[in-house]
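A.B. asks: Before anything else, here's the structure in question.
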Amino acid sequence: MRIMLVTQEDPVYIPPFIAALMPARGKDIVGITILRGEIAASNIWKYLAFLGPGDFCRRAARYALARVSDICFPTGRDGSYHSVRAVARNFCKAVFEPQNVNESRYLEELSELGIDLIISISAPQIFKRTILELPKYGCINVHNGLLPKYQGMMPSFWVLANGEKWTGTTIHYMDEAIDRGPIILRETTRIAEDETLHSLVYRTKAVIGPRLLLRAISLLEVDEVEAMEPDWSTGTYFGFPDRQAVDRFRAAGRKFG
């Protein structure tokens, strides 16, 4: 099976996710596509309003430290990575950077590489029909929430803001709608009393995510997927949090971490 990962740059959650795939599936992963994502200068004011000055500065310091570590150790150090590119360098994976996953040149590259499966890991673009139908095994997405609920952005934030007791991770086939498509696997996890946004995102994405994804790939490989089409009318969709949602999050005693 020839696999293409599609993601965005991130210093905290995505690098350990991808690195965890390599021992079992490194030989199958042909390349990593990195799209322009949330970590951009144009989003500074949005995240400052979302986090508030204190948490924004703490997160900025964490990202700055990760950037320095990435420059000093461009292939990672002691099994730790601070960028998706560092993982790609360490495991000698080709990096692709199209402006849009639906552009014809990128689709031609995927065809030339004989890609059998495309995996979205926090990919920030909508996949259209042409790319969805290109690989033999389709396109699948890793969503750190329990679909059909909590579709959209930042599901870990919203479950904490809404006082949920349980959340989890979902692997599903992709269609042209956001976070829609038949569900391959789900894993549920209890939300701790002292859970922070950081700890919950890390657990659902970087710990549960790769473990569940490896199971899904194995099922696809032997044609043993029993996909479930949920009742999407019971689902919920959330966008980027507004001030009222952040106030509710803090009022519930939650922290960004």
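The sequence shown runs 930 to 1186 under the numbering used here.
All C-beta atoms, glycine included, are put in the ideal place defined by N, C-alpha and C.
(1) Mind checking which residues open and close the alpha helix (DSSP H) that includes Asn972?
(2) Gly983 by DSSP, collapsed to three states: which one?
(3) Could you check where the alpha helix (DSSP H) with Ile1107 kicks off and where it finishes?
(4) For Gly1081 versus Thr1096, is the C-beta spacing smaller than 8 Å?
(5) Taking Val959 and Ala1015 to be in contact with their CB atoms under 8 Å, please state how far apart those CB atoms are, rounded to whole angstroms.
(6) Out of curiosity, what's the CA-to-CA distance linking Cys1001 and His1011?
(7) Identify which residue in Phe1086, Lys1094 and Val1175 has its Cα closest to the Cα of Gly981.
(8) Determine the burial state of Val1013: buried for a count of at least 16 other Cβ atoms within 10 Å of its Cβ, exposed for fewer.
(9) Taking Ile1100 and Ala1145 to be in contact with their CB atoms under 8 Å, please state how far apart those CB atoms are, rounded to whole angstroms.
(10) Entirely within the stretch 1105-1180 and at least 3 residues each: give me those beta strand (DSSP E) ranges in chain order.
(11) Do the CB positions of Thr1163 and Ala1052 come within less than 8 Å of each other?
(12) Taking the CB atoms as reference points, tell me whether Pro1064 and Leu1046 lie closer together than 8 Å.
(13) How far does the alpha helix (DSSP H) with Met951 in it extend, from its first residue to its last?
(14) Taking just the CA atoms, how far does Val1130 sit from Ala993?
(15) Do Ile1137 and Thr1118 come within 8 Å of each other at the CB atom, strictly closer than that value?
(16) Using alpha carbons as the reference points, say which of Ile1107, Lys1184 and Gly1067 lies closest to Asp1152.
C.D. replies: Well, looking at it:
(1) It is not in any alpha helix (DSSP H) - Asn972 carries neither H nor E in the DSSP assignment.
(2) DSSP places Gly983 in helix when its eight states are reduced to three.
(3) It is not in any alpha helix (DSSP H) - Ile1107 carries neither H nor E in the DSSP assignment.
(4) No, the Cβ-Cβ distance between Gly1081 and Thr1096 is not below 8 Å.
(5) The pair is not a contact, with the Cβ atoms about 18 Å apart (cut-off 8 Å).
(6) Cys1001 and His1011: Cα-Cα distance of roughly 10 Å.
(7) For Gly981, the nearest C-alpha among the options comes from Val1175.
(8) Classified as buried, Val1013 has 16 or more neighbouring CB atoms from the shown chains inside 10 Å of its CB.
(9) With a Cβ gap of about 4 Å, Ile1100 and Ala1145 count as contacting.
(10) You should have 1112-1119.
(11) Note that the C-beta distance between Thr1163 and Ala1052 is not below 8 Å.
(12) Contact: yes.
(13) Per DSSP, Met951 belongs to the alpha helix (DSSP H) from Ile943 to Arg954.
(14) Between the alpha carbons of Ala993 and Val1130 lies a distance of about 20 Å.
(15) For Thr1118 and Ile1137, yes; Cβs fall inside 8 Å.
(16) Among Ile1107, Lys1184 and Gly1067, the Cα nearest to that of Asp1152 is on Gly1067.
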